[in-house]
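Undergrad:
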Amino acid sequence: MIKEVAAMAKIESHNTLEKILENGIIAISRGNYGDTLLRAVDAAARGGIKAVEITFEQNLAPEIAGEALDKLVRRFGTVLAVGAGTVLTLEQLSIAAQAGAKYIVSPNSDCYIIKETKRRGLISIPGAMTPTEITAAHAAGADIVKLFPAGLLGAAYVKAVKAPLKHIPVTAVGNVNVENCAEFLKAGAVGVGVGGSLVSAKLVDEGRFDEITATAKAYVEALAR
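Numbering (the numbering used here), first residue to last: 1455 to 1679.
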(Lines of atoms letter the chains of each structure in order from A and count residues from 1; the text may use other names and numbers.)
(Lines give C-alpha, C1' and ligand atoms only; values in the text may rest on other atoms or scores of the structure.)
Protein backbone atom coordinates (compact mmCIF):
# COMPACT_ATOMS: atom_id res chain seq x y z
CA MET A 1 0.00 0.00 0.00
CA ILE A 2 2.82 2.38 0.93
CA LYS A 3 4.60 1.61 -2.33
CA GLU A 4 1.41 2.28 -4.29
CA VAL A 5 0.93 5.66 -2.61
CA ALA A 6 4.55 6.56 -3.30
CA ALA A 7 4.16 5.54 -6.95
CA MET A 8 1.03 7.66 -7.32
CA ALA A 9 2.79 10.65 -5.74
CA LYS A 10 5.68 10.22 -8.15
CA ILE A 11 3.32 10.16 -11.15
CA GLU A 12 1.47 13.24 -9.91
CA SER A 13 4.76 15.07 -9.37
CA HIS A 14 5.85 14.18 -12.91
CA ASN A 15 2.55 15.46 -14.32
CA THR A 16 2.97 18.75 -12.44
CA LEU A 17 6.47 19.19 -13.82
CA GLU A 18 5.19 18.51 -17.35
CA LYS A 19 2.55 21.24 -16.97
CA ILE A 20 5.12 23.73 -15.68
CA LEU A 21 7.40 23.01 -18.63
CA GLU A 22 4.66 22.69 -21.27
CA ASN A 23 5.05 26.26 -22.47
CA GLY A 24 7.66 27.37 -19.96
CA ILE A 25 5.62 30.06 -18.18
CA ILE A 26 4.65 30.37 -14.53
CA ALA A 27 2.21 33.23 -13.97
CA ILE A 28 2.84 34.81 -10.56
CA SER A 29 -0.02 36.49 -8.73
CA ARG A 30 1.10 38.59 -5.77
CA GLY A 31 -1.17 40.17 -3.17
CA ASN A 32 -4.43 39.20 -4.87
CA TYR A 33 -6.44 36.71 -2.82
CA GLY A 34 -10.13 37.53 -3.41
CA ASP A 35 -12.62 36.60 -6.11
CA THR A 36 -10.63 38.73 -8.53
CA LEU A 37 -7.84 36.16 -8.20
CA LEU A 38 -10.09 33.49 -9.73
CA ARG A 39 -10.97 35.85 -12.58
CA ALA A 40 -7.34 36.79 -13.17
CA VAL A 41 -6.20 33.15 -13.24
CA ASP A 42 -9.08 32.25 -15.53
CA ALA A 43 -8.04 35.07 -17.86
CA ALA A 44 -4.42 33.89 -17.88
CA ALA A 45 -5.51 30.30 -18.53
CA ARG A 46 -7.60 31.43 -21.50
CA GLY A 47 -4.40 32.95 -22.85
CA GLY A 48 -2.61 29.61 -22.66
CA ILE A 49 -0.97 29.69 -19.23
CA LYS A 50 -0.57 26.22 -17.70
CA ALA A 51 1.02 27.05 -14.34
CA VAL A 52 0.18 29.68 -11.75
CA GLU A 53 1.91 30.67 -8.51
CA ILE A 54 0.20 32.34 -5.55
CA THR A 55 2.60 34.09 -3.21
CA PHE A 56 2.71 34.32 0.55
CA GLU A 57 3.01 37.88 1.81
CA GLN A 58 5.17 37.99 4.93
CA ASN A 59 3.14 40.80 6.53
CA LEU A 60 -0.13 38.84 6.25
CA ALA A 61 -1.41 35.75 8.03
CA PRO A 62 -0.29 32.69 5.99
CA GLU A 63 -3.82 31.31 6.09
CA ILE A 64 -4.88 34.04 3.64
CA ALA A 65 -2.68 32.60 0.91
CA GLY A 66 -3.69 29.10 1.99
CA GLU A 67 -7.37 29.86 1.45
CA ALA A 68 -6.61 31.37 -1.97
CA LEU A 69 -4.62 28.29 -2.95
CA ASP A 70 -7.44 26.02 -1.82
CA LYS A 71 -9.96 27.92 -3.97
CA LEU A 72 -7.66 27.82 -6.99
CA VAL A 73 -6.96 24.11 -6.65
CA ARG A 74 -10.67 23.35 -6.40
CA ARG A 75 -11.43 25.49 -9.45
CA PHE A 76 -8.42 24.89 -11.70
CA GLY A 77 -6.54 21.94 -10.21
CA THR A 78 -7.38 19.58 -13.07
CA VAL A 79 -6.20 21.94 -15.82
CA LEU A 80 -3.46 24.06 -14.24
CA ALA A 81 -0.42 23.39 -12.10
CA VAL A 82 -1.13 25.46 -8.99
CA GLY A 83 1.81 26.31 -6.75
CA ALA A 84 2.80 28.50 -3.83
CA GLY A 85 5.44 31.23 -4.02
CA THR A 86 7.61 33.21 -1.59
CA VAL A 87 7.57 30.22 0.75
CA LEU A 88 10.07 31.09 3.47
CA THR A 89 8.94 28.97 6.43
CA LEU A 90 7.96 25.38 7.13
CA GLU A 91 4.61 26.69 8.37
CA GLN A 92 3.90 28.30 5.01
CA LEU A 93 4.99 25.11 3.24
CA SER A 94 2.64 23.03 5.37
CA ILE A 95 -0.29 25.38 4.73
CA ALA A 96 0.43 25.35 0.99
CA ALA A 97 0.65 21.56 0.88
CA GLN A 98 -2.59 21.13 2.84
CA ALA A 99 -4.31 23.54 0.42
CA GLY A 100 -3.28 21.35 -2.50
CA ALA A 101 -0.32 23.27 -3.96
CA LYS A 102 1.70 21.03 -6.27
CA TYR A 103 4.94 22.98 -6.29
CA ILE A 104 6.79 25.25 -3.91
CA VAL A 105 8.73 28.34 -5.01
CA SER A 106 11.04 30.48 -2.87
CA PRO A 107 13.22 33.52 -3.56
CA ASN A 108 16.04 31.82 -1.64
CA SER A 109 17.50 28.34 -1.15
CA ASP A 110 16.69 26.82 2.23
CA CYS A 111 17.69 23.15 2.43
CA TYR A 112 15.03 22.49 5.07
CA ILE A 113 12.30 23.85 2.78
CA ILE A 114 13.67 21.92 -0.21
CA LYS A 115 13.92 18.61 1.64
CA GLU A 116 10.48 18.94 3.25
CA THR A 117 8.98 19.85 -0.13
CA LYS A 118 10.40 16.67 -1.64
CA ARG A 119 9.35 14.60 1.37
CA ARG A 120 5.79 15.71 0.70
CA GLY A 121 6.07 14.65 -2.94
CA LEU A 122 5.93 18.20 -4.32
CA ILE A 123 8.02 19.96 -6.95
CA SER A 124 10.75 22.16 -5.46
CA ILE A 125 11.75 25.45 -7.13
CA PRO A 126 14.02 27.41 -4.78
CA GLY A 127 15.68 30.69 -5.73
CA ALA A 128 19.40 31.19 -6.32
CA MET A 129 21.73 33.60 -8.09
CA THR A 130 25.31 32.36 -8.03
CA PRO A 131 26.71 29.05 -9.32
CA THR A 132 27.46 28.06 -5.72
CA GLU A 133 23.85 28.66 -4.67
CA ILE A 134 22.47 26.93 -7.77
CA THR A 135 24.52 23.76 -7.27
CA ALA A 136 23.73 23.68 -3.53
CA ALA A 137 19.97 23.94 -4.23
CA HIS A 138 20.20 21.19 -6.82
CA ALA A 139 22.19 18.96 -4.46
CA ALA A 140 19.51 19.46 -1.78
CA GLY A 141 16.87 18.10 -4.16
CA ALA A 142 15.52 21.04 -6.17
CA ASP A 143 13.72 20.00 -9.37
CA ILE A 144 14.25 23.41 -10.99
CA VAL A 145 16.33 26.30 -9.66
CA LYS A 146 14.75 29.74 -9.92
CA LEU A 147 17.47 32.10 -11.16
CA PHE A 148 16.57 35.37 -9.45
CA PRO A 149 16.66 38.24 -10.29
CA ALA A 150 17.24 37.10 -13.87
CA GLY A 151 15.98 40.22 -15.61
CA LEU A 152 18.51 42.40 -13.83
CA LEU A 153 21.34 39.96 -14.44
CA GLY A 154 20.42 39.51 -18.11
CA ALA A 155 20.29 36.57 -20.51
CA ALA A 156 24.09 36.70 -20.97
CA TYR A 157 24.49 35.88 -17.28
CA VAL A 158 22.12 32.90 -17.61
CA LYS A 159 24.10 31.64 -20.60
CA ALA A 160 27.39 31.97 -18.74
CA VAL A 161 26.07 30.14 -15.67
CA LYS A 162 24.47 27.38 -17.71
CA ALA A 163 27.67 26.65 -19.64
CA PRO A 164 29.17 24.53 -16.82
CA LEU A 165 25.78 23.67 -15.25
CA LYS A 166 23.87 22.21 -18.21
CA HIS A 167 22.57 19.40 -16.00
CA ILE A 168 20.65 21.77 -13.71
CA PRO A 169 17.29 23.10 -15.01
CA VAL A 170 16.82 26.79 -14.25
CA THR A 171 13.91 29.13 -14.73
CA ALA A 172 14.38 32.89 -15.10
CA VAL A 173 12.40 35.12 -12.75
CA GLY A 174 12.49 38.84 -11.97
CA ASN A 175 12.03 41.67 -14.47
CA VAL A 176 11.12 39.24 -17.25
CA ASN A 177 8.77 40.64 -19.90
CA VAL A 178 7.32 39.80 -23.31
CA GLU A 179 10.23 41.47 -25.09
CA ASN A 180 13.03 39.60 -23.33
CA CYS A 181 11.48 36.29 -22.24
CA ALA A 182 12.59 34.30 -25.30
CA GLU A 183 16.20 35.40 -24.74
CA PHE A 184 16.30 33.47 -21.47
CA LEU A 185 15.19 30.26 -23.15
CA LYS A 186 17.83 30.76 -25.83
CA ALA A 187 20.35 31.21 -23.03
CA GLY A 188 19.44 27.83 -21.56
CA ALA A 189 16.54 28.40 -19.13
CA VAL A 190 13.67 25.89 -19.22
CA GLY A 191 11.11 28.60 -18.56
CA VAL A 192 10.29 31.96 -17.02
CA GLY A 193 8.26 33.25 -14.11
CA VAL A 194 6.32 36.46 -14.75
CA GLY A 195 4.36 38.55 -12.29
CA GLY A 196 3.30 42.17 -12.65
CA SER A 197 3.88 42.25 -16.39
CA LEU A 198 1.25 39.50 -16.79
CA VAL A 199 -1.03 39.39 -13.74
CA SER A 200 -0.96 43.16 -13.41
CA ALA A 201 -2.42 44.57 -10.18
CA LYS A 202 -3.67 47.58 -12.15
CA LEU A 203 -5.49 45.43 -14.70
CA VAL A 204 -6.98 43.29 -11.93
CA ASP A 205 -8.15 46.33 -9.95
CA GLU A 206 -9.73 47.84 -13.07
CA GLY A 207 -11.33 44.56 -14.16
CA ARG A 208 -9.44 44.50 -17.47
CA PHE A 209 -9.17 40.74 -17.60
CA ASP A 210 -9.27 40.54 -21.39
CA GLU A 211 -5.94 42.37 -21.40
CA ILE A 212 -4.47 39.73 -19.10
CA THR A 213 -5.61 37.09 -21.60
CA ALA A 214 -4.03 39.01 -24.45
CA THR A 215 -0.75 39.40 -22.55
CA ALA A 216 -0.71 35.70 -21.71
CA LYS A 217 -1.12 34.88 -25.40
CA ALA A 218 1.75 37.22 -26.23
CA TYR A 219 4.04 35.40 -23.78
CA VAL A 220 3.04 31.97 -25.09
CA GLU A 221 3.64 33.07 -28.67
CA ALA A 222 6.98 34.71 -27.85
CA LEU A 223 8.32 31.56 -26.19
CA ALA A 224 6.89 29.30 -28.91
CA ARG A 225 8.90 31.22 -31.50
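Idealized CB from N, CA, C, for every residue including glycine. Note that the structure is a prediction, hence the values are computed from the model and not measured.
Answer yes if the stretch 1572–1587 comes into contact with the stretch 1548–1563, meaning at least three C-beta pairs across the two stretches below 8 angstroms, and no otherwise.
TA: Segments in contact, yes.
Undergrad: Please say whether Phe1510 and Gln1546 have beta carbons closer to each other than 8 angstroms?
TA: Residue mapping note: residue 1546 aligns to position 92 of the sequence shown, counting from 1. Residue mapping note: residue 1510 aligns to position 56 of the sequence shown, counting from 1. Yes, Cβ-Cβ distance for Gln1546 and Phe1510 is below 8 angstroms.
Undergrad: When every heavy atom of the ligand FMN is checked, does at least one fall within less than 7 angstroms of the C-beta of Asp1496?
TA: In the structure shown, the ligand FMN is absent, as is every other ligand, since no ligand is present at all.
Undergrad: What did DSSP end up calling Ala1497 once you bin it into helix, strand or coil?
TA: As a first step, residue 1497 must be located in the sequence shown, where it is residue number 43. In this structure, Ala1497 counts as helix in the three-state DSSP scheme.
Undergrad: What is the DSSP secondary structure of Ile1549, counted as helix, strand or coil?
TA: Numbered from 1 along the sequence shown, position 95 holds the residue referred to as residue 1549. If DSSP states are grouped into helix, strand and coil, Ile1549 belongs with the helices.
Undergrad: Spatial neighbours of Ala1641 within its chain, please: CB distance less than 6 angstroms, with the 5 preceding and 5 following residues excluded, ordered by chain position.
TA: If you number the sequence shown from 1, residue 1641 lands on position 187. Excluding sequence neighbours, Ala1641 sits near Ala1609, Val1612, Lys1613.
Undergrad: By a C-beta neighbour count over all protein chains shown, 10 Å radius and 16 as the cutoff for buried, is Val1541 buried or exposed?
TA: For the purposes of this step, residue 1541 is identified with residue 87 of the sequence shown, where counting begins at 1. Buried: at least 16 other Cβ atoms inside 10 Å.
Undergrad: Kindly confirm or deny that the stretch 1619–1637 and the stretch 1487–1495 touch, where touching means at least three C-beta pairs closer than 8 angstroms.
TA: Segments in contact, no.
Undergrad: Going by DSSP, name the residue or residues bridged to Ser1483.
TA: As a working note, residue 1483 is residue 29 in the sequence shown. Beta-bridge pairing links Ser1483 to Ile1508.
Undergrad: In this structure, does DSSP put Val1527 in helix, strand or coil?
TA: Locating residue 1527 in the sequence shown gives position 73, counting from the first residue. Reduced to three states, the DSSP call for Val1527 is helix.
Undergrad: Under three-state DSSP, which class holds Gly1581?
TA: Numbered from its first residue, the sequence shown carries residue 1581 at position 127. Strand, per DSSP.
Undergrad: What's the C-alpha gap between Leu1639 and Glu1660?
TA: Your numbering for residue 1639 matches position 185 in the sequence shown. Your numbering for residue 1660 matches position 206 in the sequence shown. So the two alpha carbons sit approximately 32 angstroms from each other.
Undergrad: If you follow the beta strand (DSSP E) that Ile1558 is in, where does it begin and where does it stop?
TA: By one-based count along the sequence shown, residue 1558 stands at place 104. That run of the beta strand (DSSP E) goes 1557–1559.
Undergrad: Taking the alpha-carbon positions, what's the Leu1471 to Ile1577 distance?
TA: Here the question's residue 1471 lines up with position 17 in the sequence shown. Here the question's residue 1577 lines up with position 123 in the sequence shown. Rounded to the nearest angstrom, the two C-alpha atoms are 7 angstroms apart.
Undergrad: Could you check how far apart the C-beta atoms of Ile1480 and Gly1595 are, in whole angstroms? I think they sit under 8 angstroms.
TA: Position 26 of the sequence shown, counted from the first residue, corresponds to residue 1480. Position 141 of the sequence shown, counted from the first residue, corresponds to residue 1595. Not confirmed; about 19 angstroms, so no contact.
Undergrad: Just verifying my parser: in three-state terms, what is the DSSP assignment at Gly1520?
TA: Here residue 1520 is taken as the residue at index 66 of the sequence shown, counted from 1. Looking at Gly1520 - three-state DSSP - the assignment turns out to be helix.
Undergrad: Sorted by chain position, which residues of the same chain lie with C-beta nearer than 7 angstroms to Arg1484's C-beta, five sequence neighbours on each side aside?
TA: For this step, residue 1484 is matched to residue 30 along the sequence shown. Closer than 7 angstroms at Cβ, skipping near neighbours: Thr1509, Gly1649.
Undergrad: Give the DSSP bridge partners of Val1646, in chain order.
TA: Numbered from 1 along the sequence shown, position 192 holds the residue referred to as residue 1646. Per DSSP, Ile1479, Ala1626.
Undergrad: Counting C-beta neighbours from all protein chains within 10 Å, is the total for Lys1525 16 or more, i.e. buried, or is it exposed?
TA: For the purposes of this step, residue 1525 is taken as residue 71 along the sequence shown, with counting starting at 1. With 16 or more Cβ atoms within 10 Å of its Cβ, Lys1525 is classed as buried.
Undergrad: Which of helix, strand or coil does DSSP assign to Met1462?
TA: In the sequence shown, residue 1462 corresponds to position 8, counting from 1. With a pLDDT of only 48 at Met1462, under 50, the local geometry of the prediction cannot be trusted, and the value read off the model is given with reservation. If DSSP states are grouped into helix, strand and coil, Met1462 belongs with the helices.
Undergrad: In terms of residue numbering, what span does the beta strand (DSSP E) encompassing Val1541 cover?
TA: As a working mapping, residue 1541 is identified with position 87 in the sequence shown. That residue, Val1541, is in no beta strand (DSSP E); it is neither H nor E in DSSP.
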